[in-house]
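Reading through the C-alpha cells given below for one structure.
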Amino acid sequence: MTKTRQQLRNWQAEIAIILGSGLNSIVQQPIESIDYTEFSELPRARVPGHAGKFSLCDVSGKSVIFAQGRVHLYEGYSPAEVTANVRTLADAGIMKLIVTNAAGGLNVRFRPGEWMIISDHLNLTGTSPLIGSAQFLDLSNAYSPRLQRAFRDAAHQIGIVLRQGVYAAMMGPQYETAAEVRMLQKLGANAVGMSTVPEVIQARALGMEVAGFSCIANLATGLSSTTLSHEEVLETGRNAAADFSRLLSEVLRQL
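If you're matching positions, the sequence shown starts at 636 in the numbering used here and goes up one per residue.
Set out below in C-alpha cells:
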C-alpha cells in the first residue's frame, strides 16, 4: 500500500464530500492535502474550478475527506475513470458520500446561488460505471432519505433556503438547447448538469450512503436572457459556498 493511500486510511473518516465547479472554498483550514496525481488510478482534473486533490479536514469534530474536483465523461474519460475517486474513497473507509455539483436551474422558482438537495436523478448520459458487469443495482433509494431529512431539518434551523428536486445528468460539454430544457422539464427534472450521477451509481454499488446537492449556478437556456458561461458557474459557486459550509457543519454536528 502506498504512503498516500495509507494517509487517507489513517485519517479514519467515514464521510467524504466531492466538490463540484467553483466550490473549493468550502474547504477551510485542511489538516493535510494530497494531490490526485499521487494515486495512479486517478485521472487528472483538467477543468477550471477543479483543484484535483484530497483535503483532510476536521468539521464540527468529525474527520472528513474533501475531494476537491472531479473528471467528467465529456473530457473523454471512461465511466470507470470518472468514478475512480469513489472507489479510492471507499478503500479509505468512507461509508457516507456527499456529492455536489454546479447545475442549471430548470425550475423557474429556483434562483441562482440557491442549493437543491437531490431527491432522485435522471441518467441521460447513456452510460454507467457498472457496464461490463452483471451487477443489477437497486436505485430505489439512491439518495438516502435519512440524510435528506437531516439536511432539510438543519437548513430550516439555520435559515438557509434548501430546494429539493430531481437532477438530470447530460453528457455535455455543450449546454442544453431551449428544446432540451423543455424536454427535461416535462420529464420532471429540476436541475441539469454534467456530473454526479456516475459517482452516485458507483457509490451505491459499493454500499455507501449518499446525499447529493446542486448549487443552482444559473437558469437553463431559454429561462433567462443571460448567456451561459463556465465563468458564471464558478463565480456563483464561490458565492454560494458559505451557505453550504454552514449547512454541512450543522448536519455533522448532529449526526
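The C-beta atom is built at its ideal place from N, Cα and C for all residues, glycine as well.
| Asked | Found |
| --- | --- |
| Using CA coordinates, which residue listed in 678, 682, 681 and 690 is at the minimum distance from residue 642? | 690 |
| Which word fits residue 724, buried or exposed, when buried means at least 16 other C-beta atoms lie within 10 angstroms of its C-beta? | buried |
| Using three-state DSSP, classify residue 749 as helix, strand or coil. | coil |
| For residue 855, I'd like the list of residues in its chain whose CB is within less than 7 Å of its CB, leaving aside the five on either flank, ordered along the chain. | 739, 740, 741, 811, 816 and 827 |
| To the nearest angstrom, how far is the alpha carbon of residue 974 from that of residue 693? | Past the boundaries of the shown model lies residue 974; the chain is included only from 636 to 890, so the question cannot be answered. |
| Run through the region 798 to 840 for me and flag every whole beta strand (DSSP E) of 3 or more residues, listed as ranges in chain order. | 826 to 828 |
| Let's see if you can read the secondary structure: which residues bound the alpha helix (DSSP H) around residue 853? | Residue 853 -> not in any alpha helix (DSSP H); beta strand (DSSP E) instead, spanning 844 to 854. |
| Identify the continuous alpha helix (DSSP H) that holds residue 724 and give its terminal residues. | 719 to 726 |
| Could you give the distance in angstroms between the alpha-carbon of residue 682 and the alpha-carbon of residue 713? | 16 Å |
| Between residue 847 and residue 753, how many whole angstroms is the CB-CB distance? I'm expecting something under 8 Å. | 4 Å |
| Going by CA-CA distance only, name the one from 881, 715, 719 and 889 that's closest to residue 702. | 719 |
| Determine the contact status of residue 765 and residue 840, defining contact as a CB-CB distance below 8 Å. | yes |
| What is the DSSP secondary structure of residue 652, counted as helix, strand or coil? | strand |
| Taking C-beta to C-beta, are residue 801 and residue 776 nearer than 8 Å? | no |
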